[in-house]
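S.K.: Pasting a structure here, questions to come.
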Amino acid sequence: MIQTVEAIVDECGVVRLLEPLHLARRHRAFLTVLADEPAADHEAALLSEASLAQDWLRPEEDAAWAHLQQAR
Numbered sequence: 143m144i145q146t147v148e149a150i151v152d153e154c155g156v157v158r159l160l161e162p163l164h165l166a167r168r169h170r171a172f173l174t175v176l177a178d179e180p181a182a183d184h185e186a187a188l189l190s191e192a193s194l195a196q197d198w199l200r201p202e203e204d205a206a207w208a209h210l211q212q213a214r
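My numbering applies: residue 143 is where the sequence shown begins, and numbers increase by one.
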């Protein structure tokens with residue numbers, strides 16, 4: 143199961159989780175460093191892009207929007 147938790151990374155690279163994380167065993171993890179001051183609208187858009195693409199990139203969506211994509 144994939145879990146996402148918020149953390150703070152200091153200048154030395156020390157990671158401090160902002161909430162407890164309980165795991166039964168060791169796991170690999172990826173860390174994405176975000177901007178200091180989150181631009182809520184931009185950051186949310188970037189984080190949701192992959193999830194929304196699953197809906198957008200379907201033949202049904204192409205058919206629904208075809209009338210707006212006429213050749214120029």
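Virtual Cβ for every residue (Gly too), placed ideally from N, Cα, C.
Cβ of Ala149 within 8 Å of Cβ of Val156?
M.R.: No, Cβ-Cβ distance for Ala149 and Val156 is not below 8 Å.
S.K.: Can you give me the Cβ contacts of Leu159 inside the same chain, cut-off strictly under 7 Å, excluding the 5 residues immediately before and after it?
M.R.: Within the same chain, Leu159 has close Cβ partners Val147, Ala149.
S.K.: Per DSSP, what kind of secondary structure is Ala149 in: helix, strand or coil?
M.R.: It is a strand residue.
S.K.: Could you give the DSSP three-state label for Leu160: helix, strand or coil?
M.R.: Note: Leu160 maps to coil in three-state DSSP.
S.K.: Note the first and the last residue of the continuous alpha helix (DSSP H) segment covering Ala206.
M.R.: Residues 201-207.
S.K.: Using the C-alpha atoms, what's the distance from Val151 back to Leu165?
M.R.: Leu165 and Val151: Cα-Cα distance of roughly 20 Å.
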